[in-house]
Structures are given as C-alpha cells and as structure tokens.
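Asker: Residue numbers (our numbering): 136 to 602. Just so it is clear, CB atoms sit at the ideal spot from N, CA and C, and this is done for glycine as well. Got a structure here, written out as structure tokens. Questions coming.
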Ligand SMILES: [Zn+2]
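Below is the structure:
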C-alpha cells in the first residue's frame, strides 16, 4: 500500500506571533521511518515482521502475498495534505479524506504513554475507523458516552490497540486488504491475514449487500434495539460482532477479550443511562461516582476477577447472512453515560471540561462565560438524551434516611438511588442492572439461564457458559 503525503508547516493559532513549524527534511525522514516501521511491524532490531495474506485453493495450492506499507513525502500529486502544527498546539490531530493535521511531536511514540498519534492517523488514511468510544465530547464526564464511531464499538475493550489508544498494531487492521484482493481476483479465493503468531480470518462481507466497502471487522452482523422483552421494563441495544484471532480474539495475552480462550464472537449489551445528580454539580464528585459505577458494572457482569475480562459466553448458530456457528461468543455489558449537570462553581477544571465537550472554545478575545457555556452544554445534552434507555437519579440520604434503589413503577425506566453511609451509588446501580435487561432480580440472584434470553432472536440453539 502506497500513500503520498505532502507536509506543510503551519502556525499555532493561539500564538499568532510565532513562526509556522519548520518541516525540515530530517523531521520528514523520522516521521516516515516511524510510521512505516509501525505498520510494517518492525522489531526493536529493525526487522520488518512481514504481514502476509495467505490462501489455499481446493487443489491445495498455497499463495502468499506480502503486505508492505510505503509512505512517500511529495510536493505534488499528493493523496493527502498534512498540516503540521508546532508541538503543544491545542486541539486534536486528525485525518480527513484530503487533509490531515498533526502536531510536530506526534511523529514518534510518546515516551511516557507510548501513544503514537501519527501512526493512528495513518491508520485512518488506510481506511480504518476509530475503535474507541468518545469520552470527551458527549457530556459523559470522561466515561464512555452514548455515541459510537462504529456500531457498538466492540474494540473499545482492546485497550492498547492502535485505533483505540494509538499503541499496537493488530492483524484485523489488514483485513480489508484480504477482502479486496479476493474481490479483484474473483474465483472465490479467501485469504487469511498472517502476522506473527496470529492468523486472522472472518466471514467476508456478502457480495450482494451494500455498501460493498464494509467488512465485518468494523461492522456487526447484527445490531438491534430490544424493548419490553422479557419484562416490560427492558430497554437496551445488542450488537453481535465476528471476532478473528488477532491479539484481541486469540486469548494469548493479558489484554485479550478472554485470556486463555479463543473467542469467535462478541455480543455487546449497550445500556445508555442518563445520570442526574440531584444535589451536587461538583466535577470530581460526579466524575468519581461515574467512574466507580462503570467499574462496578464491568466487574460484576464482565470479569471473572478484578483484572481479567471474559465471564460469560454463548454457543449458538447465527442463521442470517453470513451464517456463523459460534463456539465462544463473549458477552460484555457496555454502560454508556450522559450527565445533564454542568459542573460548578467555575474553576479551571470546569473550563477544561467545557473545552472537552466543545461548548467553550479557547479564544483570546472571548472570556469564559459561565451562563452562556452552561446553556450550550444543555444543548449538547438535549441533542443526545433521546438515545437514552434509562434515567437514573442520584441523591444522598438524610441522617435517618435509608439507602435505597427505587423504581418509579414496576415497569418504569426511572431509577432513584438514595446513597447512604454504607452503600454507594455504584453498588446500588449494579444490583439493579439486571432489571434494565428484563431480568426482575438483583444482580446477585441472576443465573446463567436468566442471561440466556439476551441471545433470543439472534442465536439459534443457544447455550451459555462461563469462561
Ligand atoms: Zn482517530
């Protein structure tokens, strides 16, 4: 794969008297070397561990096509114009169809965080989508918000992957090439992406379906909303994805989907909760409560212990297109959040949050105006709240008041948590979570048989087991 980029040094808009970044030949050389080294899977010793597409026809004849990425810096006839800002310029680096933006320091992995932003943006240029869930812009206090860049965002759980956290390459990132080569060759050949110990292959996207550019790496086989089933209160989304055997699916690393297990699918249960804080607008009080809720839900329903993912999996047959027999299709709950409270009083943390949500853009001529910014924040909340499944209200108990979790009605979707001295919002909410998917029991009483209904209408002859 050959990409031609033209680099153009530009000014930090926040420092109009500073000169534009000087795109020196050495900077370009380092950038190209680092990006192609990353995507050609170069080792510490400087050797490319070649990624290949392999196939075998009915007669047993094997083929092996090596994949190499080239990045050519050009002055004309470019694919993409890359604007390079000085290091430290505010805002996010990004990649569009014909232009992209980088910070000068993005051209190598960050020494502390290992994040290599230019490699991530290059991934976009090769057609890949973001795999993380937005936690800054969607009024969710730095936890996962309601929206997804690809349906369900299954790989958000692959914490070190390049299209999540700008760190590590994955065999699935070359899958579109396997499908493309097979389609231009015709004749029904199917390829496997071979990279190190990994052999990645999933069902190809059906030829007749549109748009033809989709693959089942970045698109689920099923995405549906479930309402009133099996109890009237239930409301959630399910997303079923094919999982191939890369670092995430093979199970041979601590950060895998289910360490120690080869998985072939991932069924996500998305629960979108609007969390209303009744008596506080304090940023850290809200942020800490929300992050505790997220951790508690995942620890209760997704993990065998504090560190590892993988608790429940389904076996069963998906009889749609493509027909797939799953032997280990992991089940993960994915809480999503929206918080209507704009934090106060005004301080630097509040300004940072407003900047994250993009309701306050830094502007030398414009002061932070609390009332105006707070109103803009409410507009963001209003635009998103229609997607919610449940309303949760959190308040603290009075001196003699019991802690409790109370639903507005036996079938209602409004839950009030009165948090007491000994019980926090995270415990109360996790205990009530099964009711959101139609199991009218507390979390501790839920059995495998109860959870089986999540696969209703999706998998035939389904069964559920523990990893
Ligand atoms: Zn991105």
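#1: Assuming residue 287 and residue 358 form a contact by the criterion Cβ under 8 angstroms, report the distance between their Cβ atoms to the nearest whole angstrom.
#2: So within the segment 359-427, which uninterrupted beta strand (DSSP E) runs reach at least 3 residues, ignoring any that extend past its ends?
#3: Count the C-beta pairs between the segment 566-581 and the segment 345-359 that are closer than 8 angstroms, then say yes if the count reaches three, no if not.
#4: May I have a chain-ordered list of the alpha helix (DSSP H) segments no shorter than 4 residues that lie completely inside the segment 503-546?
#5: On a CA-only basis, which of 265, 384, 197, 502 is nearest residue 229? Give me that one, please.
#6: Do residue 571 and ligand 1 come close, with the Cβ less than 8 angstroms from some heavy atom?
#7: Please find out if some non-hydrogen atom of ligand 1 comes closer than 8 angstroms to the beta-carbon of residue 352.
#8: Is the number of C-beta pairs between the segment 467-476 and the segment 425-434 that are closer than 8 angstroms three or more?
#9: Just confirm the distance between the C-beta atoms of residue 280 and residue 471, as a whole number of angstroms; I'd bet it's less than 8 angstroms.
#10: Check whether the segment 213-225 touches the segment 234-248, counting contact only when three or more Cβ pairs, one atom from each stretch, lie closer than 8 angstroms.
#11: Which residues in the same chain as residue 531 place their Cβ atom closer than 6 angstroms to its Cβ, once the five residues preceding and following it in sequence are excluded?
#12: Closer than 8 angstroms to a non-hydrogen atom of ligand 1 - does that hold for the CB of residue 229?
#13: Please check the pair residue 350 and residue 340, which I expect to be a contact at CB under 8 angstroms, by giving their CB distance rounded to whole angstroms.
#14: So is the beta-carbon of residue 588 under 8 angstroms away from any non-hydrogen atom of ligand 1?
#15: Buried or exposed: which applies to residue 164, given that a residue is buried once 16 or more other Cβ atoms fall within 10 Å of its Cβ?
#16: Since residue 378 and residue 401 should fall inside the 8 angstroms C-beta cutoff, what is the C-beta to C-beta distance between them, to a whole number of angstroms?
#17: Which full runs of the beta strand (DSSP E) of 3+ residues lie inside the segment 201-248, going along the chain?
#18: Taking residue 601 as the reference, which of 584, 481, 447, 494 has the closest Cα?
#19: From which residue to which residue does the beta strand (DSSP E) around residue 551 run?
#20: Under the rule that 16 or more other beta-carbon atoms within 10 Å means buried, what is residue 413, buried or exposed?
#21: Could you check whether the Cβ of residue 273 sits closer than 8 angstroms to any heavy atom belonging to ligand 1?
#22: Ligand 1: which residues have Cβ under 6 angstroms from any of its heavy atoms, chain order?
#23: Do you know how far the Cα of residue 386 is from the Cα of residue 396?
#24: Residue 293 and residue 304: beta carbons closer than 9 angstroms?
#25: I'd like to confirm the pairing. Which residues does DSSP put opposite residue 330 in its beta bridges?
#26: Distance check for residue 158 and residue 461, CA to CA, integer angstroms please.
#27: In this structure, what does DSSP give as the bridge partners for residue 299?
#28: Strictly by DSSP, which residues pair up with residue 448?
Answerer: Judging by the given coordinates:
#1: Contact flag correct, Cβ pair sits at about 7 angstroms.
#2: At a cut-off of 3 residues, the continuous stretches assigned as beta strand (DSSP E) that sit fully inside the segment 359-427 are 370-377, 400-412.
#3: Counting Cβ pairs under 8 angstroms, fewer than three are found: no touch.
#4: The segment 503-546 contains these whole alpha helix (DSSP H) runs: 505-520.
#5: Nearest of 265, 384, 197, 502 to residue 229, Cα basis: 265.
#6: A distance criterion of 8 angstroms places the beta-carbon of residue 571 beyond contact range of ligand 1, judged by its closest non-hydrogen atom.
#7: The answer is no for residue 352.
#8: Yes, since at least three Cβ pairs between the segment 467-476 and the segment 425-434 fall closer than 8 angstroms, the two stretches touch.
#9: Correct: roughly 6 angstroms between the Cβ atoms.
#10: Counting Cβ pairs under 8 angstroms, three or more are found: they touch.
#11: Answer for residue 531: 554, listed in chain order.
#12: At least one heavy atom of ligand 1 is found less than 8 angstroms from the C-beta of residue 229.
#13: Contact flag correct, Cβ pair sits at about 5 angstroms.
#14: Residue 588: no, Cβ never under 8 angstroms from ligand 1.
#15: Residue environment analysis places residue 164 among the exposed positions, since fewer than 16 neighbouring C-beta atoms fall within 10 angstroms of its C-beta.
#16: The Cβ separation is near 5 angstroms, so the contact holds.
#17: For the segment 201-248, whole beta strand (DSSP E) runs of length 3 or above, ordered along the chain, are 205-208, 215-220, 234-238.
#18: The residue with the shortest Cα to Cα distance from residue 601 is 447.
#19: Unbroken beta strand (DSSP E) run through residue 551: 549-554.
#20: Its Cβ having fewer than 16 others within 10 Å, residue 413 is exposed.
#21: No.
#22: That query returns the following residues: 255, 259, 265.
#23: So the two alpha carbons sit approximately 5 angstroms from each other.
#24: The answer is no: Cβ separation not under 9 angstroms.
#25: Under DSSP, residue 330 takes part in a beta bridge, and its partners are 333.
#26: Cα to Cα, the separation comes out at about 51 angstroms.
#27: Note: residue 299 sits in no beta bridge, so no partner.
#28: Beta-bridge partners of residue 448 (DSSP): 465, 600.
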